[in-house]
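One structure is given below, encoded as structure tokens.
In my numbering, the protein residues as written are 82 to 550.
As structure tokens, then:
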């Protein structure tokens, strides 16, 4: 295995040089599938997308079903007029009827009010956000699930199931969607979160009213789960295990006291924040290391960025001589980066893969504009802060879940099973949610409050959680 500098600088252009080839002008990963749907630009597009989330679900549904909506083809005024024409009313009640259906069908901004999952496909996105988050989740869903699993999700978005008479009337007035084949923009690094998302999504759809109420929260949580896990995993270099989620601890909003000794302080928002500060540099470092002779995707128009642990697995299979050569290749790349940045290139001879990778990472950290690093990493923190943190005085933001989100995640974790409270905690942990003893007690009290706890088992020792929905 050899590092391929011609790929790094010329073909894949991770590092773009000026015409004299003496200075770095740009750092990018645009010729690779994206790891995360972020950019370094000065933009609030991620924040805007989070605050207008139904548009992201619209993008998610259309990409899964391979259809598109023309911006000119759908007019909500036409829809309202069509419904009113089909409703019998007396002239003296015309204004009241118009107001009633206007409030029922349309949102305040004039968009469609979703009363059936099929209507999500008609929620148009803001061009400024480019529907990045919905696209990201759809790409990962297509990668991680088999055809049968994807078909179950598609069926949720199709008309015909659980429709009221009004739903049928509205759907019949909606324009036809046109077929479109979408190209994937993102690569999959762990299938576990998406497998769980698929299961939870389909289960939630079995409860139509609750689905419409909570689908926003479910998809937002899984976005946060994937982004936070990816951010933390990458920051651990080659030691990360992508088959199991890293432990991240949450508190519960209604806990009155959270101290600096709680697990969430070391393995919560602080962990995510510190990792996010390195996120862009890690991407650049992995993209360079991915320009190697075993990465067959380099021959494609878009290539996959290999994670540190993927590269390390190939490295361990090399002979001692080839390992030494690959370490020299990485060290030489580190020298090039420092030289092109006009810095002194005091590069040590690496003895291990970890030393070589960290030395290249540190060179990139030193030579990459701090503003770009900060803007890129802020997206991961902003997603967490949008719904999954609470400010705790001088402790700052800590990972935290409110009652609505807790009940949702417990409901999809239990599904139709009667399980022990301990098993519920294990199922939540698979979904990236961990609690220390204090938060576990607070969760148990909440579940008792909504009457889903069977106090004792037959043996009188365990507590059982009943299905919530």
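Backbone N, C-alpha and C define an ideal beta-carbon position, used for all residues, glycine too.
Just so you know, these numbers come straight off a predicted model, no measurement behind them.
Using the C-alpha atoms, what's the distance from residue j back to residue i?
i, j, result
"residue 490", "residue 506", "11 angstroms"
"residue 133", "residue 482", "20 angstroms"
"residue 281", "residue 82", "41 angstroms"
"residue 427", "residue 398", "29 angstroms"
"residue 414", "residue 394", "20 angstroms"
"residue 158", "residue 289", "26 angstroms"
"residue 367", "residue 386", "6 angstroms"
"residue 472", "residue 460", "18 angstroms"
"residue 139", "residue 344", "37 angstroms"
"residue 253", "residue 94", "49 angstroms"
"residue 248", "residue 149", "21 angstroms"
"residue 449", "residue 337", "42 angstroms"
"residue 527", "residue 509", "15 angstroms"
"residue 246", "residue 161", "15 angstroms"
"residue 144", "residue 216", "7 angstroms"
"residue 333", "residue 523", "7 angstroms"
"residue 411", "residue 314", "21 angstroms"
"residue 352", "residue 442", "19 angstroms"
In the DSSP assignment, find the unbroken beta strand (DSSP E) run with residue i in it and report its ends.
i, result
"residue 106", "105-108"
"residue 97", "96-98"
Which residue marks the beginning of the alpha helix (DSSP H) containing residue i, and which one marks its end?
i, result
"residue 252", "246-254"
"residue 168", "Segment: none, residue 168 is in no alpha helix (DSSP H) and carries neither H nor E."
"residue 419", "401-421"
"residue 351", "350-357"
"residue 380", "Counting along the chain, residue 380 falls outside any alpha helix (DSSP H), and DSSP gives it neither H nor E."
"residue 390", "389-397"
"residue 130", "126-132"
"residue 202", "Residue 202 -> no alpha helix (DSSP H), and no H or E assigned at all."
"residue 442", "434-448"
"residue 369", "360-370"
Measuring alpha carbon to alpha carbon, tell me which residue in the options is nearest residue i.
i, options, result
"residue 474", "340, 321, 484", "340"
"residue 111", "514, 382, 549", "382"
"residue 447", "140, 349, 359", "359"
"residue 318", "519, 104, 438", "438"
"residue 221", "308, 203, 296, 354", "308"
"residue 499", "462, 535, 380, 300", "535"
"residue 264", "518, 219, 150", "219"
"residue 213", "131, 244, 349", "131"
"residue 425", "435, 444, 410, 433", "444"
"residue 362", "388, 374, 378, 275", "388"
"residue 109", "485, 97, 328", "97"
"residue 84", "294, 392, 497", "392"
"residue 517", "276, 347, 287, 99", "347"
"residue 550", "533, 543, 544", "533"
"residue 468", "501, 304, 436, 364", "304"
"residue 349", "434, 306, 374", "306"
"residue 274", "547, 525, 514", "514"
Problem set entry | Three-pair Cβ contact test at 8 angstroms for the segment 194-202 versus the segment 159-169 | Counting Cβ pairs under 8 angstroms, fewer than three are found: no touch.
Problem set entry | Every unbroken beta strand (DSSP E) inside the segment 457-530 [3 residues or more] | As for any beta strand (DSSP E) of minimum length 3 sitting wholly inside the segment 457-530, the runs are 470-472, 478-482, ordered along the chain.
For this session: Would you check if there are 3 or more beta carbon pairs closer than 8 angstroms linking the segment 266-283 to the segment 229-240?
Result: Because the criterion of three Cβ pairs below 8 angstroms is met, the segment 266-283 and the segment 229-240 touch.
Exercise. Which residue spans inside the segment 226-307 form an unbroken beta strand (DSSP E) run of at least 3?
Worked result: The qualifying runs do not exist here; there are none.
Exercise. Does the count of Cβ pairs from the segment 257-277 and the segment 173-187 closer than 8 angstroms reach three?
Worked result: Result no; under three Cβ-Cβ pairs closer than 8 angstroms.
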